[in-house]
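I have placed the structure first, in the form of structure tokens, so that the comments after it can refer back to it.
Protein chains: 4
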Amino acid sequence: MTTKIIVFEKPKLKDPIFIEGLPGVGNVGRVAAGYLVEELKAKKFAELISSHFMPIAVIPRGSQVEMIKAEFFYWKAKNKNQNDLIIMIGDSQSADPEGHYEIVEEVLRFLKQLGVKEIFALGGLNIGIPTERPKVVGAVNDVSLEKKYQKYNIVFDTSQRVGSIVGAAGLFVALAKYYDIPATCLLGETSGMPFLPDPKSAEAVLKVLSDILNLKIDTTKLEKRIKEMKEFMRRVEAMQSQLLRSHLPPTEKKEELSYIG
Amino acid sequence: MTTKIIVFEKPKLKDPIFIEGLPGVGNVGRVAAGYLVEELKAKKFAELISSHFMPIAVIPRGSQVEMIKAEFFYWKAKNKNQNDLIIMIGDSQSADPEGHYEIVEEVLRFLKQLGVKEIFALGGLNIGIPTERPKVVGAVNDVSLEKKYQKYNIVFDTSQRVGSIVGAAGLFVALAKYYDIPATCLLGETSGMPFLPDPKSAEAVLKVLSDILNLKIDTTKLEKRIKEMKEFMRRVEAMQSQLLRSHLPPTEKKEELSYIG
Amino acid sequence: MTTKIIVFEKPKLKDPIFIEGLPGVGNVGRVAAGYLVEELKAKKFAELISSHFMPIAVIPRGSQVEMIKAEFFYWKAKNKNQNDLIIMIGDSQSADPEGHYEIVEEVLRFLKQLGVKEIFALGGLNIGIPTERPKVVGAVNDVSLEKKYQKYNIVFDTSQRVGSIVGAAGLFVALAKYYDIPATCLLGETSGMPFLPDPKSAEAVLKVLSDILNLKIDTTKLEKRIKEMKEFMRRVEAMQSQLLRSHLPPTEKKEELSYIG
Amino acid sequence: MTTKIIVFEKPKLKDPIFIEGLPGVGNVGRVAAGYLVEELKAKKFAELISSHFMPIAVIPRGSQVEMIKAEFFYWKAKNKNQNDLIIMIGDSQSADPEGHYEIVEEVLRFLKQLGVKEIFALGGLNIGIPTERPKVVGAVNDVSLEKKYQKYNIVFDTSQRVGSIVGAAGLFVALAKYYDIPATCLLGETSGMPFLPDPKSAEAVLKVLSDILNLKIDTTKLEKRIKEMKEFMRRVEAMQSQLLRSHLPPTEKKEELSYIG
Chain A
1 MTTKIIVFEK
11 PKLKDPIFIE
21 GLPGVGNVGR
31 VAAGYLVEEL
41 KAKKFAELIS
51 SHFMPIAVIP
61 RGSQVEMIKA
71 EFFYWKAKNK
81 NQNDLIIMIG
91 DSQSADPEGH
101 YEIVEEVLRF
111 LKQLGVKEIF
121 ALGGLNIGIP
131 TERPKVVGAV
141 NDVSLEKKYQ
151 KYNIVFDTSQ
161 RVGSIVGAAG
171 LFVALAKYYD
181 IPATCLLGET
191 SGMPFLPDPK
201 SAEAVLKVLS
211 DILNLKIDTT
221 KLEKRIKEMK
231 EFMRRVEAMQ
241 SQLLRSHLPP
251 TEKKEELSYI
261 G
Chain B
1001 MTTKIIVFEK
1011 PKLKDPIFIE
1021 GLPGVGNVGR
1031 VAAGYLVEEL
1041 KAKKFAELIS
1051 SHFMPIAVIP
1061 RGSQVEMIKA
1071 EFFYWKAKNK
1081 NQNDLIIMIG
1091 DSQSADPEGH
1101 YEIVEEVLRF
1111 LKQLGVKEIF
1121 ALGGLNIGIP
1131 TERPKVVGAV
1141 NDVSLEKKYQ
1151 KYNIVFDTSQ
1161 RVGSIVGAAG
1171 LFVALAKYYD
1181 IPATCLLGET
1191 SGMPFLPDPK
1201 SAEAVLKVLS
1211 DILNLKIDTT
1221 KLEKRIKEMK
1231 EFMRRVEAMQ
1241 SQLLRSHLPP
1251 TEKKEELSYI
1261 G
Chain C
2001 MTTKIIVFEK
2011 PKLKDPIFIE
2021 GLPGVGNVGR
2031 VAAGYLVEEL
2041 KAKKFAELIS
2051 SHFMPIAVIP
2061 RGSQVEMIKA
2071 EFFYWKAKNK
2081 NQNDLIIMIG
2091 DSQSADPEGH
2101 YEIVEEVLRF
2111 LKQLGVKEIF
2121 ALGGLNIGIP
2131 TERPKVVGAV
2141 NDVSLEKKYQ
2151 KYNIVFDTSQ
2161 RVGSIVGAAG
2171 LFVALAKYYD
2181 IPATCLLGET
2191 SGMPFLPDPK
2201 SAEAVLKVLS
2211 DILNLKIDTT
2221 KLEKRIKEMK
2231 EFMRRVEAMQ
2241 SQLLRSHLPP
2251 TEKKEELSYI
2261 G
Chain D
3001 MTTKIIVFEK
3011 PKLKDPIFIE
3021 GLPGVGNVGR
3031 VAAGYLVEEL
3041 KAKKFAELIS
3051 SHFMPIAVIP
3061 RGSQVEMIKA
3071 EFFYWKAKNK
3081 NQNDLIIMIG
3091 DSQSADPEGH
3101 YEIVEEVLRF
3111 LKQLGVKEIF
3121 ALGGLNIGIP
3131 TERPKVVGAV
3141 NDVSLEKKYQ
3151 KYNIVFDTSQ
3161 RVGSIVGAAG
3171 LFVALAKYYD
3181 IPATCLLGET
3191 SGMPFLPDPK
3201 SAEAVLKVLS
3211 DILNLKIDTT
3221 KLEKRIKEMK
3231 EFMRRVEAMQ
3241 SQLLRSHLPP
3251 TEKKEELSYI
3261 G
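Chains as they are written, first to last, in the numbering used here: chain A, 1 to 261; chain B, 1001 to 1261; chain C, 2001 to 2261; chain D, 3001 to 3261.
Have a look at this one:
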């Protein structure tokens, strides 16, 4: 079956910007994008399922079974200085190496159809130690983006801090170049503790992103929301953590600043 | 070669209901569905072979070699309150993660052609300890099914007892939603002892299922039949057990109620 | 690239019989079929390469690099009681489970085009202990074949001795049924010592096969030939042995009579 | 997504010769081909990306993210006794066994379109001990090539020294035969120390190659260049080393002269 996107509604969007938040280190990207969906009351319009996810059905509540999936939401700009948004959040990344490429490319084709003009891929950057004031590290697929976003609170000495980005977030940005879509990866520093979503890191990423997109996001409920989603997050973390163990290059572990996006 | 369904006969069926029983924990689903085929004298009409099964030919008796396969049987309703049935039993689940998706989707396409109106996927639920009176736990792909079947002896607080369902049974139910087929997973509690088919759990599942379908199934021969099938079941268990070891997410093992459907 | 058959010559053959000898336990099938090619001076007419073989180029002699491949030879009948033959020998079986299905099916399609009327798949049967007089155990894809060949020196209580056949030999016989080609697996008993081709077992298989096909094969040179091919056989064994380790179901090892065809 | 070649420019080349240098033991091929690109100031005209590479985006410098990829460069002959060249260097080999076949075949199809007349695949040959004067060992896809290049400083008793060549370099040479392209593998002896590119071995290979191609390559800067590329090489080595661990046939390790091309 490979990878399928099932579209429930075809929204009319003007020059939309795409935001990606799949599970990863500290679940930074997933938490930040999921909170954005809730705060903006973004509307779900499509789902992605893939044989590259684990062959598992999940039962998030009651007796209802669900596929492991990613979900697409849209939000229409309220003010002139804002853009229409498409936000993707997901239960899991690919369970096998090749699947990352397939899923990311399938989404990029979908985004091209939807007229997406720019991409932000959100993730966490494992710095190994707890930090009170996590920085946001940026990686771009075109050098002009670094200039465009230099006034925001983003650290761009990325190569020295991050050798490589494993998984979807990095591939989204790197592969988007071949689709002529400017893309930026925003990585929140996190201690990389397993099974612990990092709200501080997600907040840091959200602040930079909402600055760029002229959104007013009240992040005070973030920690509360994560607690509410505790059981669900635990399962997502468990799945993600298992995927990492089977994927993560052993040699990468030797690097001081290893990273899963 | 991927997955192929070879059809020997095209039965004319009216609004058939599909019952799935592949090997799994305690072989509950396989035993229950296989017993149903025998008791109803259901007629074989198709086979499924797949390169996602292990590359092994089996010799169940004499000198005759057989592919690892799943088999489809049909049964025509005898009374007005019954439905025509299609029953699938199999030697094995997919040997690789992606294959589960492919096999389940190939079967769902086949069922759609056959006009299937509802699906029951049978399986076992590992509760870790022996139980004299195994309960039947239900999972559904639409909340209305829980109401429809609440008068039967099914436990529906599934999310708390079962975080996720690994393998074909869960995928059948979750994926059937995208094919607009209502589907229910019936999981018999079992101690999950390896190499031991659990007749008590299979009986519990059969009782619920025959109640729903208005079938009169004499389950007294169930234990005897399992003994007769001893050598065959041992091989199926050996294959299944091996698949589980290679597939089962390590983190799932930490959960108190892990499950393979 | 998956699997490709490259045809150098299109031989005109009348009702040819196909003989398969890929590496396996004791290399019985590979040795027997290879000796047949040499003794009959059969002519090579096609090669099979596949991305399911290991990604290795071999240098059998001098400086010349070769793909890992299987080779097809034909031989035209000299007498009226003989049949035209197609013989396949190979360096390796598939390196991954799915590949066995693909390679075997690709070959069966090719054989159907060539008008093949019957198949003999040769292999070894690991009985765990050395034997002076190895028997030949038969497995068939149609019960009529057991009757047809009962006068030859073949043991047909196969199910009790062999639970399942791993790899190409078993799949050839089982899958050929779906192509309407009668097929018989001839398995020579062998002690299954690794890295040691078993000439006695290969001889036993060759004797049964040449009886059936009315061929006069002088098997006295068999042991000598194996010694000449020593270095090549050692490499084939090394590759095969490695494949087995990664493929062999752990549970099968517990069976007293495990088998790789 | 499998494997894609993205072409930026269609150079007009006359009977070009193709030189391949992917990472491998001692990174001999990658270093030699990369140095050739720099010294000749060859021009990049195409990139290859593949889902068979690891699902990792790399950040070689600044904040700019790149796909793991191979790059194609061309160089036009300056003198009559030279040939137009196409040089391929890459970050990685395939991360899974099947991918080697696919990537190599995709490139061979591309080379056929570009009219390539001959292939040189560069690599290292692990001899297990340090050597001051590494020899260059040759392997060919047609015996006539051994005669053609016997006057150069190449050792051709390859079969005794190298049983098999794992990975792209060997497959390029062996598979090129089916595309009617003469191909030679040039393997520099190296001690096979992990994480250490071997400049002496790369120099030996470069000397033989530039002799054959009538190029004047100043190899004195080779060691200096490797030091400049230190961080990048370390990452390439880390990725390659990890791939080797997961791919290398365990049995091959027993051979005295094992090799990764």
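Note that beta-carbon positions come from the ideal geometry of N, C-alpha and C, so glycine has one too.
Please read these numbers as outputs of a predicted model, since none were measured by experiment.
{"Item": "Candidates B:1208, B:1121 and B:1047, of which the one nearest residue 1027 (chain B) by Cα", "Value": "B:1121"}
{"Item": "Under 9 Å from the C-beta of residue 3165 (chain D): neighbouring residues of chain C", "Value": "2056, 2057, 2058, 2059 and 2065"}
{"Item": "Counted within 10 angstroms of its Cβ, other Cβ atoms place residue 190 (chain A) as buried (16 or more) or exposed", "Value": "buried"}
{"Item": "Sequence-distant residues of its chain with Cβ nearer than 6 Å to residue 106 (chain A) (five each side left out)", "Value": "3"}
{"Item": "Neighbour flag for residue 202 (chain A) against chain D, beta carbons, 8 Å", "Value": "no"}
{"Item": "Among D:3108, D:3066, D:3101 and D:3082, nearest to residue 169 (chain A) - alpha-carbon criterion", "Value": "D:3066"}
{"Item": "Closer than 9 Å at the beta carbon, the chain B residues around residue 51 (chain A)", "Value": "1097, 1098, 1099, 1100, 1101, 1102 and 1105"}
{"Item": "Test: residue 229 (chain A) CB closer than 8 Å to a CB of chain B", "Value": "no"}
{"Item": "Three-state class that DSSP yields for residue 3063 (chain D) in the structure shown", "Value": "coil"}
{"Item": "Neighbour list for residue 140 (chain A) in chain D, Cβ cutoff strictly below 7 Å", "Value": "3063, 3064 and 3065"}
{"Item": "Pairwise C-alpha distance: residue 3192 (chain D) and residue 3254 (chain D)", "Value": "Below a pLDDT of 50, predicted positions are generally treated as unreliable, and residue 3254 (chain D), at 34, falls in that range; the measurement from the model is reported next regardless. The straight-line gap from Cα to Cα measures roughly 15 Å."}
{"Item": "Rounded C-alpha distance that separates residue 1010 (chain B) from residue 1031 (chain B)", "Value": "26 Å"}
{"Item": "6 Å Cβ shell around residue 2256 (chain C) - same chain, five flanking residues per side excluded", "Value": "Reliability of the predicted coordinates at residue 2256 (chain C) is poor, the pLDDT of 33 falling under 50, and the value obtained from them is presented with this limitation in mind. Answer for residue 2256 (chain C): no residue qualifies."}
{"Item": "Test: residue 1006 (chain B) CB closer than 8 Å to a CB of chain C", "Value": "yes"}
{"Item": "Nearest-angstrom Cα separation, counted from residue 2099 (chain C) out to residue 3209 (chain D)", "Value": "38 Å"}
{"Item": "The segment 74-90 of chain A in contact with the segment 36-44 of chain A per 3-pair CB rule at 8 Å", "Value": "yes"}
{"Item": "CB of residue 2222 (chain C) within 8 Å of CB of residue 2074 (chain C), strictly", "Value": "no"}
{"Item": "In DSSP terms, what residue 88 (chain A) is bridged to", "Value": "A:20 and A:72"}
{"Item": "Proximity test, residue 3039 (chain D) beta-carbon vs the ligand HEM heavy atom, cut-off 7 Å", "Value": "In terms of ligand content, the structure shown is empty, and the ligand HEM therefore cannot be addressed."}
{"Item": "Straight-line gap, residue 2013 (chain C) to residue 2113 (chain C) (C-alpha atoms, nearest Å)", "Value": "11 Å"}
{"Item": "Euclidean distance between Cα positions of residue 6 (chain A) and residue 3055 (chain D)", "Value": "25 Å"}
{"Item": "Where residue 2209 (chain C) meets chain B, residues with beta-carbon distance less than 7 Å", "Value": "None at all; the shortest Cβ gap to chain B is about 16 Å."}
{"Item": "Residue from B:1117, B:1155, B:1118 and B:1201 whose Cα sits closest to the Cα of residue 1131 (chain B)", "Value": "B:1201"}
{"Item": "Test: residue 69 (chain A) CB closer than 8 Å to a CB of chain D", "Value": "no"}
{"Item": "Outcome for residue 140 (chain A) when other beta-carbon atoms lying within 10 angstroms are tallied against a minimum of 16", "Value": "buried"}
{"Item": "Assigned exposure category for residue 2161 (chain C) - 16 Cβ within 10 Å defines buried", "Value": "buried"}
{"Item": "Contact with chain D by residue 114 (chain A), beta-carbon distance below 8 Å", "Value": "no"}
{"Item": "CB-CB length for residue 1117 (chain B) against residue 1180 (chain B), believed under 8 Å", "Value": "That belief does not hold up - the Cβ atoms of residue 1117 (chain B) and residue 1180 (chain B) are roughly 10 Å apart, past 8 Å."}
{"Item": "Same chain, Cβ closer than 8 Å to residue 2044 (chain C), five either side skipped, listed in chain order", "Value": "2008, 2071, 2072 and 2073"}
{"Item": "Chain A contacts from the segment 3027-3047 of chain D (Cβ-Cβ distance under 8 Å)", "Value": "none"}
{"Item": "Neighbour-count burial assignment, residue 1220 (chain B), 16 or more Cβ in a 10 Å radius", "Value": "exposed"}
{"Item": "For residue 2050 (chain C), the first and last residue of its enclosing alpha helix (DSSP H)", "Value": "Segment 2043-2050 is the beta strand (DSSP E) holding residue 2050 (chain C); no alpha helix (DSSP H) there."}
{"Item": "Interfacial residues, the segment 2160-2191 of chain C to chain B, with Cβ spacing under 7 Å", "Value": "2162, 2163, 2164, 2165, 2166, 2167, 2170, 2171, 2173, 2174, 2175, 2178 and 2185"}
{"Item": "Contact list for residue 2225 (chain C) against chain D, beta-carbon separation under 7 Å", "Value": "None at all; the shortest Cβ gap to chain D is about 19 Å."}
{"Item": "Beta strand (DSSP E) segment containing residue 3114 (chain D), residue limits", "Value": "Looking at the DSSP string, residue 3114 (chain D) is not in any beta strand (DSSP E), and its letter there is neither H nor E."}
{"Item": "Residue 2080 (chain C), DSSP secondary structure in three states", "Value": "coil"}
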